[in-house]
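Just below is one structure, and these are the notes that go with it.
2 protein chains.
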Amino acid sequence: MHVLVLGAGQLARMMSLAGAPLNIEISAYDVGSKSVVHPLTQSVIGHGLENAIETADVITAEFEHIPHDILAVCEQSGKFLPSSDAIKAGGDRRIEKGLLDDAGVRNATYYVINSREDFDRAIEHVGIPMVLKSALGGYDGKGQWRLKDPTQADSIWAEMAECIAATETQAIVAEEFVPFSREVSLVGARAKDGSVAVYPLAENVHTNGVLTLSTAIADTELQQQAKQMFTAVANKLNYVGVLALEFFDVDGTLLVNEIAPRVHNSGHWTQQGAETCQFENHLRAVCGLPLGSTKLIRSTSMINILGEDTLPQAVLEMDGCHIHWYGKEKRAGRKMGHINVCGDYSGELQRKLCTLADSLDKDAFPAVHEFAANFSE
Amino acid sequence: MHVLVLGAGQLARMMSLAGAPLNIEISAYDVGSKSVVHPLTQSVIGHGLENAIETADVITAEFEHIPHDILAVCEQSGKFLPSSDAIKAGGDRRIEKGLLDDAGVRNATYYVINSREDFDRAIEHVGIPMVLKSALGGYDGKGQWRLKDPTQADSIWAEMAECIAATETQAIVAEEFVPFSREVSLVGARAKDGSVAVYPLAENVHTNGVLTLSTAIADTELQQQAKQMFTAVANKLNYVGVLALEFFDVDGTLLVNEIAPRVHNSGHWTQQGAETCQFENHLRAVCGLPLGSTKLIRSTSMINILGEDTLPQAVLEMDGCHIHWYGKEKRAGRKMGHINVCGDYSGELQRKLCTLADSLDKDAFPAVHEFAANFSE
């Protein structure tokens, strides 16, 4: 079985590692260079999308910001999964919010802004404080504003107007500010036959808008809410593959914040912590194989490695620490890899996170240090 | 870090999969074709050994039957690990038996045969029944004879003489027949600093001389014996990397049968069952990184897939079954892949093996069926 992945980053790389034992070969289409590369070695193995589509059994994607013409060609081949609708919803905040409404899942009140008049109507409809997000191209905290006071409206509008003008079909989505106590996410898979398997929820810590720490949690009540919403969204899209839903947890009630139509950073813990990892389950789904068990096998946290290309020896030595480098060149803030930390039970995992804080740099790994500080209080 | 592996089979492939997350890149030298290939894709990435040696940081091997001239060139580079002595011991039964004696570990009485006169002396020295093994090139039950009765000596000698004549420096090693109750093996790693980490023992079932089923076992007394002998052999060789020792278990007393100076088929269960798999630990050792924990995390069995290139859907569906294909073309009896089966405790694993027997073909997976038959008795 040969799967072509749109995008040649770490998610395609980890799909390749998970696919090999199932004899599923992965090639990756680098949308920027228009080359087909091996996602592990990054060596060029072909040119042009058409040829790559021709030789693939299945086509999927590792990211949602895919030019719509490329998406159309892939969809035409009849081999593309999960579906271009899902990718579009993940890549356009307007479509995403519409989808959440259509699927009947709780999400923050919103209003789409194309003009200054819309902005005024949004303030009326949504209220202040308000979060404003660019409809296209925003991720990891980019393209976001917060309106806390009406007096900020003019200066924020100036920036938003520039953003709208810079990209054709761009818009801003105004959303009510949700006073959430934490962010959690649910990663799961839906198979061709409609069966759904979800992993345990992960509790996520973001630092400057970027995920830094993700821990699998056991909460029967939240899990049930999340699974119900996951199933509603996945069914609405007739989704096939791994899908991630990010939630605001507002005192035990979940609101969907956003969806990611792909394997997700907050699901990397499944490589060590779940019976089947998210990369294998995505491939199983799109290749028409039965889904693998998503059950938790160990208490696990995932720590993102941002902008660093070495780790202290103590991390390699520590029992239960699993390092996953992405083979990338170092750049400030870049996702270079992650560490999965496992314990036999939750308390052991917490203890290991505290021990890790002793050896990991405070500036590079703020979430681990924050965890350790809160834990010792 | 770039590691060159001599041999381009499934062991190099699984090293590649285990090395990628540590940013350790593997290339494989195919001794037959003299090509350097990527062990995952098998695509040719270079020619000639010298160039490959030049660009590698470390050189290691996935098999022990390596021509001595190739070994010498690798050794000269100063990059080869574990050591050519270890490889030679693994590839020559005479050297191996000498090593076991030198290390002071229990092994079966033996006698080296180069001539018919030697054969007669061997019968006197070792006694009947006796097992006879070619010193070079024997594996998976090939190049072996059993002398149960003096009247068989002439016909067996005819075959052995042919074997001796066929290969320069060939000989036969006569060994006392050990009335063992089972075969177990110990896989472990020794680091550059001399530290040793061993996995739990595995109990192995061979069918027609080929490993078919391997299960991690917990037996404190045997584990202690095995670790002591492992350490003696590894220290004697100043070994660096993963080493496997196969033992006869004679009513609770272990005798070393043979050693494999490499990652070993009976250690494949560590991919799911141990904190760090044998492939990662071999790479950690030869790259000078600290060894990873070898602790058992789940009750695990490994089932070899021989000569089959498909499996029933039920295996893919079964919770705790992990399939590892080697991307090879189907040939009768060929090692095509393996299945790791995990349970949260030993009884669950046993139950799963019995369930597997219901879906796996009896002729292709005799050991699983035998297990299930014994279990239900």
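Protein sequences, first through last, are from chains R and H. Using the numbering used here, read the first sequence as starting at 125 and increasing by one per residue. Using the numbering used here, read the second sequence as starting at 125 and increasing by one per residue. Every residue, glycine too, gets a C-beta built ideally from N, C-alpha and C.
Helix, strand or coil at R/Asp216 according to DSSP, with G and I counted as helix: strand
If we count the other Cβ atoms within 10 Å of its Cβ and call it buried at 16 or more, is H/Lys158 buried or exposed? exposed
Name the DSSP bridge partner or partners of R/Asn428? R/His462
Start and end of the beta strand (DSSP E) containing R/Glu300? Ile296 to Glu300
Residues that DSSP places opposite H/Ser338 in a beta bridge: H/Asn328 and H/Met426
Would you mind working out which of H/Asn147, H/Phe243 and H/Ile429 sits nearest R/Lys453, comparing C-alpha positions? Looking at the sequence provided, one finds Glu at residue 453 of chain R rather than Lys. Answer by Cα proximity: H/Asn147.
From which residue to which residue does the alpha helix (DSSP H) around H/Ser279 run? Ala277 to Ala290
The stretch 182-199 of chain H touching the stretch 126-137 of chain H, judged by at least three CB pairs closer than 8 Å: yes
Would R/Val297 be called buried (16 or more neighbouring beta carbons within 10 Å of its own) or exposed? buried
Would you mind stating whether H/Glu399 and H/Ile383 have Cβ atoms separated by less than 8 Å? no
Should R/Asn147 be flagged as near chain H, meaning a C-beta pair shorter than 8 Å? yes
Residues of chain H with CB closer than 9 Å to the CB of R/Asp317, please, in chain order. Simply none; closest approach about 12 Å.
Can you check DSSP and say which residues form a bridge with R/Val374? R/Thr377
What residue does the alpha helix (DSSP H) around R/Val492 start on, and which one ends it? Pro490 to Ser500
How would you list, in chain order, the residues of chain H whose beta-carbon sits under 8 Å from the beta-carbon of R/Glu441? Pro414
For H/Gln268, decide whether its Cβ has a neighbour in chain R, counting only Cβ atoms nearer than 8 Å. no
Could you name the residues that DSSP lists as bridge partners for H/Lys257? H/Gln268 and H/Val297
Residues of the stretch 420-440 of chain R whose Cβ lies closer than 8 Å to any Cβ of chain H, in chain order: Ile421, Arg422, Gln437 and Leu440
In three-state terms, what does DSSP make of H/Arg306? strand
Per-residue contacts from H/Ile150 into chain R (C-beta, under 7 Å): Ordered by position in chain R, no residue passes the 7 Å Cβ test against H/Ile150, which lies about 10 Å from the chain.
Between H/Arg386, H/Met254, H/Leu260 and H/Leu224, which has its C-alpha nearest H/Gln276's C-alpha? H/Met254
DSSP three-state label for R/Asp209, please. helix
Since H/Ser417 meets chain R, which of its residues come closer than 8 Å, beta carbon to beta carbon? Asp443 and Gly444
Measuring from the CB of H/Thr434, is there a heavy atom of the ligand MN at a distance below 7 Å? Among the ligands in the structure shown, none appear at all, so the ligand MN cannot be discussed.
Taking the alpha helix (DSSP H) that R/Glu404 falls in, what are its first and last residues? Gln402 to Val410
With R/Ser159 as the anchor, note down where its beta strand (DSSP E) starts and where it stops. Ser159 to Val161
Identify the continuous beta strand (DSSP E) that holds H/Ala321 and give its terminal residues. Val320 to Val322
Along the chain, where does the alpha helix (DSSP H) containing R/Gly397 start, and where does it finish? Thr394 to Gly397
Taking Cβ-Cβ distances shorter than 9 Å, what residues in chain H pair up with R/His448? Ala144, Pro145 and Leu146
Are the C-beta atoms of R/Gly451 and some chain H residue less than 8 Å apart? yes
Look at the Cβ atom of H/Ser425, then the Cβ atom of H/Val465, and state whether they are nearer than 8 Å. yes
Quick check on DSSP: helix, strand or coil for R/Leu484? coil
Figure out for me which residue from H/Val161, H/Leu195, H/Gly228 and H/Leu224 has the closest Cα to the Cα of H/Lys212. H/Leu195
Can you give the Cα-Cα distance for R/Tyr235 and R/Lys257, rounded to whole angstroms? 11 Å
Count the other CB atoms within 10 Å of the CB of H/Asn362; is the residue buried (16 or more) or exposed (fewer)? exposed
Per the contact definition of three or more C-beta pairs closer than 8 Å, is the stretch 278-287 of chain R in contact with the stretch 384-395 of chain R? no
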